[in-house]
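Engineer:
In the working numbering, the protein residues as written are 101 to 344.
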């Protein structure tokens, strides 16, 4: 698993979109017991905090200690620095395993072997994510698309393609359950949009090799935007039961 976010853990926590409770409730429809859950690749706890009210115990793991240090405290949550593919979690102890916006970085075979080891016989696995941002302002959206597909072309890690393919091409060795189409919707200030774009891993790769600012065109255009922007992210969600 790659660690691309430790050096910017606070910015990541502050600028990344929050998940909706609707996503959690959709997953919970398929979870028969709510004793133990494992949130893998938890980062700064953005999805962990939504799980905490529904389970007796939550284990949240990540390879980035810096990210976990930004996570909110809950009495029933244990944050642990552990790799996704090999943990100290007891066998057949987990009711639900979740991965939010991280599974595309994992070694699929090793990770799924670990998931199947720790899940109870009726356990559930859920991969959650969000796709490319859509800005309602057509001019700004066009510039974001240009940044994503043209300026940063060749700077994205190869694993990013799984998000572009809406997680439909990741291996999924579970008894998959049908889920509805969902979106995350926000009103963001121009500064919030810029802060989010600065968390893109490809932007960091670009800045390491070039002197110009790839956000300059968007920054200039946003100066003419007097108010908040409506932004939308498509939700990526796959839910499956452990295959017996």
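The C-beta atom is built at its ideal place from N, Cα and C for all residues, glycine as well. It should be emphasised that the depicted structure is a prediction, and the values quoted were computed from it without experimental measurement.
1. Would residue 137 pass as a contact of residue 219 if the rule is Cβ separation under 7 angstroms?
2. Buried or exposed for residue 200, please, with buried defined as at least 16 other CB atoms from any protein chain shown within 10 angstroms of its CB.
3. Please identify the residue among 260, 189, 115 whose C-alpha is closest to the C-alpha of residue 139.
4. Give the single residue among 310, 312, 295, 306 whose Cα lies nearest to the Cα of residue 254.
5. To the nearest angstrom, report how far apart residue 169 and residue 249 are at their CA atoms.
6. According to DSSP, is residue 134 part of a helix, a strand, or is it coil?
7. Nearest to residue 323 by alpha carbon, out of 304, 290, 330, 313?
8. Please return the same chain residues whose Cβ sits closer than 8 angstroms to the Cβ of residue 325, not counting the five positions on each side in sequence.
9. Taking the alpha-carbon positions, what's the residue 104 to residue 301 distance?
10. Nearest by alpha-carbon distance to residue 281: which of 134, 315, 321, 229 is it?
11. So which of 313, 148, 177, 142 has the shortest CA-CA distance to residue 157?
12. Applying the 10 Å Cβ sphere with the 16-neighbour rule, what's the burial state of residue 308?
13. Could you give the distance in angstroms between the alpha-carbon of residue 267 and the alpha-carbon of residue 338?
14. Near residue 271, what residues of its chain come up, given a Cβ to Cβ distance below 6 angstroms and the 5 sequence neighbours on each side ignored?
15. Which same chain residues end up closer than 6 angstroms to residue 181 when comparing Cβ atoms and leaving out the 5 residues on each side of it in sequence?
16. DSSP state of residue 180, grouped into three classes?
17. Using the C-alpha atoms, what's the distance from residue 313 back to residue 153?
18. Can you tell me which of the three DSSP states residue 228 falls into?
19. Helix or strand or just coil, what does DSSP make of residue 251?
20. To which residues of the same chain is residue 193 closer than 8 angstroms at the C-beta, ignoring the five residues directly before and after it?
21. Let's test the definition: count the other Cβ atoms within 10 Å of the Cβ of residue 293 and tell me whether it reaches 16, buried, or not, exposed.
22. Taking only the alpha-carbon atoms, compute the straight-line gap between residue 167 and residue 148 and give it to the nearest angstrom.
Structural biologist: Straight from the coordinates:
1. no
2. buried
3. 189
4. 306
5. Across the structure, residue 169 and residue 249 are spaced so that their CA atoms are roughly 33 angstroms apart.
6. Secondary structure at residue 134: coil, using DSSP grouped into helix, strand and coil.
7. 290
8. 237, 240, 290
9. Any reading at residue 104 needs caution, since the residue's pLDDT is 44, under 50, leaving its predicted position unreliable; the model's value is listed next. Residue 104 and residue 301: Cα-Cα distance of roughly 7 angstroms.
10. 229
11. Ranked by how close their Cα comes to the Cα of residue 157, the residues 313, 148, 177, 142 have 177 in first place.
12. exposed
13. Rounded to the nearest whole angstrom, the CA to CA distance from residue 267 to residue 338 is 8 angstroms.
14. Here the set comprises 208.
15. Contacts found: 165.
16. strand
17. 42 angstroms
18. In the structure shown, residue 228 sits in a strand (DSSP, three-state: E or B).
19. helix
20. 136, 218, 220
21. With at least 16 other beta carbons inside 10 angstroms of its own, residue 293 counts as buried.
22. 13 angstroms
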